[in-house]
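Worksheet: one structure, shown below.
There are 2 protein chains.
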Amino acid sequence: MAGKSTLRDRRRLQTSREIQRAALTLSLRHGHDLVTTEMIAAEAGISQRTFFNYYLNRDTAIVGQAPCFDEETVAWFRASSGPLLADLLQALRQLLNNSDLDRGTSQLIDRLLGTAPELLPIFYGSLRRLRDQIADLAVTRVGEDARSDAELLAEAISHALGDTFRIWANDDAMSADSIVDVAAAKLQVLRGYLAQV
Amino acid sequence: MAGKSTLRDRRRLQTSREIQRAALTLSLRHGHDLVTTEMIAAEAGISQRTFFNYYLNRDTAIVGQAPCFDEETVAWFRASSGPLLADLLQALRQLLNNSDLDRGTSQLIDRLLGTAPELLPIFYGSLRRLRDQIADLAVTRVGEDARSDAELLAEAISHALGDTFRIWANDDAMSADSIVDVAAAKLQVLRGYLAQV
DNA sequence: GCAAATATTGCACAGTATGCATCCTTGTGC
DNA sequence: GCACAAGGATGCATACTGTGCAATATTTGC
């Protein structure tokens, strides 16, 4: 379905993962600030120049490429008329179903974030494309005039999702399907806090 | 009260503002990606090396230094026992009262963000210290076990505050005192969205 | 197989950011 | 006032980041 099957595309995906893995293991071994793009390239078996063909900068290599709604899901959302948050969460469920998450890599990311908190903005920043997409979807419901409100909602959703992602990485008993449910529960906790005025 | 009155400290504050102003005007004139730290230093009348004594990197010079709770406010919060969100908002009111905001600079920031959306993460990132402080305050109420929930709340609050800050910059009729109130209203809109399940 | 499309690489180069030594300015104690 | 300590400003050297360009290699479609 989402499978691009040409040799070129398979290689591209594999190389990007090898780079990420190299960046993660080196950062865990030496500390993120002591790892250079040259070291990462060498570990991944490519040239430094090629590294920059795959990732815009050294930091984003660690968190990999952000997931993204496919057209099908966007179309479903536009056609649906359920409650806003419920539909957004459902779209996210479809997104996570289509993307095959690698728990091993996620664990490495989580462990690195524990030792290098300065990377937290980069981790949450990696969800930016997704966040923007969520905001765009929400805007189709609440109207362009309320875009900044839609962005605030999208920020909260993607943040909760990021947190849950880290929980999932470290809990082998937790299925990928429940990620969105746990994130939704976190959002309801937030709603409770916001009611305490 | 917050006044450090030695010549050294007054100079330091003034220089940091001159650097920020130089960074803003140059970025608005030439486009942010065409402005170098050397240009900023020259415009501010200092050396490039001195630029890096004031700001950690080129981007943060644009948004200036983040505000920060003073000890007094923190002590007040710890002693208070009102509803969580209400107390957090009250602490923010005190924070904004103590810090003298410069609407002119804020306007330049807002205009630049309009032309260079890639700076938005840096703008919201500048609130990070404040966000962490808010989370710490919230943790004293909800407990360490719920830290990630407190951080989600802090993220929402600081995001809403950032949005409101930009509104205030462009609305001369809006008083600084009402910033927190408008942000609180945004948070209630968010609460409404979160209830739509 | 061949030609077009696409990837990889080396190289040059501008810019970022830091450490260090030195010089200059400001605060302090007398 | 003056001398000395503390803290800032600067120049210089240097490691690293990230990009453009041209050359080379690989994949794809036919």
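Order-wise, the sequence lines are chains A and B.
At position 138 of the first sequence the residue is numbered 272 (our numbering), and the sequence of numbers has no breaks.
At position 116 of the second sequence the residue is numbered 250 (our numbering), and the sequence of numbers has no breaks.
Every residue gets a Cβ at the ideal spot worked out from N, C-alpha and C, and that includes glycine.
Quick caveat, the model's predicted, so the values are computed rather than measured.
Taking its Cβ as the centre, do 16 or more other Cβ atoms sit within 10 Å of residue i, making it buried, or is it exposed?
| i | result |
| --- | --- |
| B:T207 | buried |
| A:E285 | buried |
| B:S292 | buried |
| A:R142 | exposed |
| B:S260 | buried |
| B:G137 | Note that B:G137 scores 46 on pLDDT, short of 50, meaning its location in the model is unreliable and no value can be drawn from it. |
| B:H164 | exposed |
| B:L219 | buried |
| A:L287 | buried |
| A:D283 | buried |
| B:A213 | exposed |
| B:L190 | exposed |
| B:R183 | exposed |
| B:L321 | buried |
| A:E172 | exposed |
| B:E278 | exposed |
| A:A307 | exposed |
| A:M135 | At A:M135, the pLDDT of 40 sits below 50, so the modelled position is not reliable and the matter cannot be decided from this model. |
| A:L349 | The requested residue 349 of chain A is not part of the displayed model; chain A covers only 135 to 331. |
Kindly list, in the order they appear in chain B, the residues whose Cβ is closer than 7 Å to that of residue i.
| i | result |
| --- | --- |
| A:R79 | In the structure displayed, chain A extends from 135 to 331; residue 79 of chain A sits before or after that span and is not available. |
Could you tell me which chain B residues have their CB closer than 8 Å to the CB of residue i, listed as they occur along the chain?
| i | result |
| --- | --- |
| A:S215 | Neighbours of A:S215 on chain B: none; closest Cβ ~12 Å, over 8 Å. |
| A:D283 | K320, V323, L324, Y327 |
Using only alpha-carbon positions, find the residue among the options that is nearest to residue i.
| i | options | result |
| --- | --- | --- |
| A:W210 | A:P217, A:A220, A:S150, A:A225 | A:A225 |
| A:L253 | A:R151, A:T140, A:D143, A:L162 | A:L162 |
| A:R155 | A:D193, A:A317, A:R142 | A:D193 |
| B:E177 | B:R144, B:G165, B:A157 | B:A157 |
| B:E205 | B:A250, B:V169, B:L271 | B:L271 |
| B:G179 | B:A200, B:N191, B:S150 | B:S150 |
| B:T239 | B:V197, B:S312, B:T170, B:Q228 | B:V197 |
| A:E152 | A:H166, A:V276, A:Q199, A:L168 | A:Q199 |
| A:V314 | A:I301, A:Q267, A:L295, A:I268 | A:L295 |
| B:A195 | B:F203, B:L222, B:F186 | B:F186 |
| A:V276 | A:R145, A:P217, A:R144 | A:P217 |
| A:A317 | A:Q241, A:T159, A:R262, A:L230 | A:L230 |
| B:D297 | B:N232, B:D266, B:A175, B:I243 | B:I243 |
| A:A329 | B:Y188, B:D221, B:S181 | B:D221 |
| A:P201 | A:T170, A:Q267, A:A250 | A:Q267 |
| A:G241 | A:F299, A:T140, A:Y258 | Note that residue 241 of chain A corresponds to Gln in the displayed sequence, not to Gly. With distances taken between Cα atoms, A:Q241 lies closest to A:F299. |
| A:L223 | A:V169, A:A303, A:A269 | A:A269 |
| A:P255 | B:L247, B:N232, B:R265, B:P251 | B:R265 |
| A:L147 | A:Y188, A:Q228, A:V273 | A:Y188 |
| A:A280 | B:V323, B:A280, B:R263 | B:V323 |
| A:R237 | A:G326, A:T170, A:Y327, A:A303 | A:A303 |
| A:S233 | A:A290, A:S181, A:A310, A:H166 | A:A310 |
| A:E289 | A:I301, A:R263, A:A319 | A:R263 |
| A:T274 | A:G326, A:T249, A:S215, A:A175 | A:S215 |
Residue i versus chain A: which residues are under 8 Å apart at the beta carbon?
| i | result |
| --- | --- |
| B:L168 | Going along chain A, no residue has its Cβ under 8 Å from B:L168, so there is no contact; the nearest lies around 18 Å. |
Kindly list, in the order they appear in chain B, the residues whose Cβ is closer than 9 Å to that of residue i.
| i | result |
| --- | --- |
| A:A220 | Q330, V331 |
Query raised in the report: Of all the residues that make up the stretch 286 to 302 of chain B, which are near chain A by a beta-carbon distance shorter than 7 Å?
Result: L286, L287, E289, A290, H293, A294, D297
Report task. With 8 Å as the C-beta to C-beta threshold (strictly closer), list the residues of the stretch 242 to 269 of chain B near chain A in chain order. Result -> P255, G259, R262
Report task. Please specify which runs of the alpha helix (DSSP H), each continuous and at least 4 residues long, are wholly inside the stretch 270 to 312 of chain A, giving them in chain order. Result -> 281 to 303
Report task. Please go through the stretch 173 to 248 of chain A and give each complete alpha helix (DSSP H) segment of 4 or more residues, from N-terminal end onward. Result -> 182 to 188, 194 to 197, 205 to 213, 218 to 232
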